[in-house]
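Undergrad: Just passing along the structure, written as structure tokens.
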Amino acid sequence: MTAVMIGVDPHKGSHTAVVISPAEEPLGELRVRASGAQAQKLVAWAAAWPERTWAVEGAGGLGHLLAQQLVAAGERVLDVQPKLASRVRLLQAGDTNKNDPNDALSVAVAALRSKVSREVTADDYQAVLKVWAKRHRDLARARNQVACRLHAVLCDLVPGGHQKEITAAQATRILEQAAPSGAVELARAELAAEFLADLRHLDDQLRDTRKKLAAAVRASGTSLTEVFGVGPVIAGTVIGDAGDAARFPGRDHFASYNGTAPAGVSSGNRKIHRLSLRGNRRINHAIHMAAITQIRHKHSDGRAYYDKKIAEGKTHKEALRSLKRKISDAIFARLRADARQSAKARANGPGGQPGNGSDSSAAGSHPERQLFGQATPGPATTLRPATRTRTTPQPPASKKIRATT
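If you're matching positions, the sequence shown starts at -6 in the numbering used here and goes up one per residue.
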């Protein structure tokens, strides 16, 4: 029997599946309620087509659970990006109305004709890192919100308020020195005390989450933290969002994915490249923070590269973007090296993780003669400090570094 493609449009309350032939002819349609038996019902219905492939829209988002259930059932599942399926629906002939069956049909056609849909695999340590990285990100946003509200209340209690980033200890001292009088000021003081309690609670949660994220990064055995400026939070964000490095054909594709590669807007003889605002902004922000860290440490190779670009006449932002691209290449090289090490460990036997062997990246990926981490001339693969001697971090002497995206 000819292999068929089954597109699935997942929702919180239901899932709609449409099966098509290689000629894009609809062969069947099914809608199931989201429940504990959703995967079993879909697999039982699809038994009429033994040679089948599933295409789930947003298998990394709303369709994640269903995709994982299908993979656990032994099915082959592809992840189709919602934007790709939407374009197929808008450009196809015939019925282009927005409804679940048409969406599922568009997902199936997109997976059938596109070569960019990646195959879904069972969750592993990357999913664990993604969970704790997202938790840390959510807590950091909540803390920032509470801190801003605390700042606003303190401005009404103390003349001038607090000018810099506030901590729980600083807020405690300010409230102890404040002498509210009257019902209004007393109410503001009580509100500030509640915000302070929230701030302390979020600080404790952030501390615990960092510990869990650091432990998960260590358990993964990744060598990504060998890149200067990349700690557990950045490593967890990158690995959790990037997933399998094998899905990127090369470093240029990875740079395009994370938005550090320029976007082409050329036409005719005009060849123009501009700053890309596309790509995965979480990974882009993580790379940005690593770049800022390298610039603030004068002993790092990243700072030397940044100074070189400034000497060439680049502005701060242009030099920062160039450095971010270098770091993107270094991160991609590490992800590829970890993937090779993991594959080697699996081939040698159970219990292996990237970085656990005697030829792990900490020993084998840093030869004595190296160019940005490579033994032979070529593209940069890491931006490590020139020496391991610890020095006191100092800001750049020329100008103040501002965080840009």
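Yeah, the Cβ is synthetic: ideal placement off N, Cα and C, and Gly gets one too.
The structure presented is a predicted model; accordingly, all values stated were derived computationally and were not measured.
Tell me the start and end of each unbroken alpha helix (DSSP H) in the stretch 127 to 191 that is at least 4 residues and wholly inside, in chain order.
TA: Segments of the alpha helix (DSSP H) lying fully in the stretch 127 to 191: 161 to 170.
Undergrad: Which term fits G214, buried or exposed, when burial requires 16 or more other beta carbons within 10 angstroms of its beta carbon?
TA: Classification for G214: buried.
Undergrad: Could you check where the alpha helix (DSSP H) with D234 kicks off and where it finishes?
TA: Element bounds for D234: 225 to 235.
Undergrad: Less than 7 Å between C-beta atoms, sequence neighbours within five positions excluded: which residues of the same chain meet that for P255?
TA: These residues qualify, in order along the chain: H266, R267, L268, S269.
Undergrad: Does DSSP put G94 in a helix, a strand or coil?
TA: One detail in the question is off: residue 94 reads as Pro in this sequence, not Gly. Helix at P94.
Undergrad: Should T308 go down as buried or exposed, given a rule of 16 or more other Cβ atoms within 10 Å for buried?
TA: Flag for T308 reads exposed.
Undergrad: Name the DSSP beta bridge partners of P3, please?
TA: DSSP, once it has assigned bridges, lists H8 as partnering P3.
Undergrad: Please identify the residue among D234, I13, T9 whose C-alpha is closest to the C-alpha of N273.
TA: The candidate whose alpha carbon is nearest that of N273 is D234.
Undergrad: CA-CA distance, S216 and S99?
TA: Between S216 and S99, the C-alpha separation is close to 40 Å.
Undergrad: With DSSP as the reference, identify every bridge partner of A256, one or two as the case may be.
TA: Paired residues: R267.
Undergrad: Nearest CA to the CA of L189: which residue from E178, R166, R211, A207?
TA: The shortest C-alpha separation from L189 is found at R166.
Undergrad: Just to confirm the assignment, what range does the beta strand (DSSP E) spanning P19 have?
TA: From DSSP, the beta strand (DSSP E) with P19 extends over 19 to 26.
Undergrad: Tell me where the alpha helix (DSSP H) around R339 begins and ends.
TA: Counting along the chain, the alpha helix (DSSP H) containing R339 begins and ends at 309 to 341.
Undergrad: Does DSSP put Q367 in a helix, a strand or coil?
TA: Since pLDDT at Q367 reaches only 37, below the 50 mark, its modelled position is unreliable, and the value read off the structure follows with that caveat. Q367 falls in the strand class under three-state DSSP.
Undergrad: For the stretch 74 to 87 against the stretch 124 to 133, do three or more pairs of beta-carbon atoms, one drawn from each stretch, fall closer than 8 Å, so that the two count as touching?
TA: No, the stretch 74 to 87 does not touch the stretch 124 to 133.
Undergrad: Compute the Euclidean distance between the alpha carbons of C141 and A185, then round it to the nearest angstrom.
TA: The straight-line gap from Cα to Cα measures roughly 11 Å.
Undergrad: Taking all protein chains shown into account, decide if P3 is buried (16 or more other Cβ within 10 angstroms of its Cβ) or exposed.
TA: So P3 counts as buried.
Undergrad: What residue range is occupied by the uninterrupted beta strand (DSSP E) comprising L71?
TA: Here the beta strand (DSSP E) through L71 covers 70 to 73.
Undergrad: I320 and I280 - do their beta-carbons sit closer together than 7 Å?
TA: For I280 and I320, yes; Cβs fall inside 7 Å.
Undergrad: Are V73 and A104 close, meaning C-beta to C-beta below 7 Å?
TA: Closer than 7 Å, so yes.
Undergrad: Would N90 be called buried (16 or more neighbouring beta carbons within 10 Å of its own) or exposed?
TA: Per the 10 Å Cβ criterion, exposed.
Undergrad: Helix or strand or just coil, what does DSSP make of A37?
TA: A37 falls in the helix class under three-state DSSP.
Undergrad: Three-state secondary structure (DSSP) at A115?
TA: Correct three-state label for A115: coil.
Undergrad: Between the stretch 284 to 294 and the stretch 311 to 318, are three or more C-beta pairs nearer than 8 Å?
TA: Flag = yes, the stretch 284 to 294 and the stretch 311 to 318 touch.
Undergrad: Among residues of its own chain, excluding the 5 on either side of D93, which ones have a beta-carbon nearer than 6 Å to its beta-carbon?
TA: Once the five neighbours on either side are set aside, the close Cβ partners of D93 are D2, T9.
Undergrad: Below 6 Å, is the gap between the Cβ of K337 and the nearest heavy atom of the ligand NAD?
TA: Absence of the ligand NAD from the depicted structure is noted, as is the absence of any ligand whatsoever, leaving it without description.
Undergrad: Could you tell me the distance, in whole angstroms, from the CA atom of G222 to the CA atom of G229?
TA: Computed Cα separation, rounded: 13 Å.
Undergrad: Please determine if the stretch 19 to 32 and the stretch 109 to 123 are in contact, where contact requires at least 3 C-beta pairs separated by less than 8 Å.
TA: At 8 Å Cβ cutoff, the stretches do not touch.
Undergrad: Quick check on W47: does DSSP put it in helix, strand or coil?
TA: Note: W47 maps to strand in three-state DSSP.
Undergrad: Taking DSSP as the reference, what is the three-state secondary structure of V220?
TA: Coil, per DSSP.
Undergrad: What did DSSP end up calling S353 once you bin it into helix, strand or coil?
TA: The predicted position of S353 is uncertain, since its pLDDT is 37 and thus under 50; no value can be drawn from it.
Undergrad: Using a Cβ-Cβ distance cut-off of 7 Å, determine whether L83 contacts chain B.
TA: Absent here is chain B; the protein component of the structure consists of one chain.
Undergrad: My understanding is that A182 touches A171, with C-beta atoms under 8 Å, so please give their C-beta distance in whole angstroms.
TA: Rounded, the Cβ-Cβ distance is 6 Å, consistent with contact.
Undergrad: Looking at A238: is its Cβ nearer than 7 Å to the Cβ of A332?
TA: Result yes, Cβ atoms of A238 and A332 sit closer than 7 Å.
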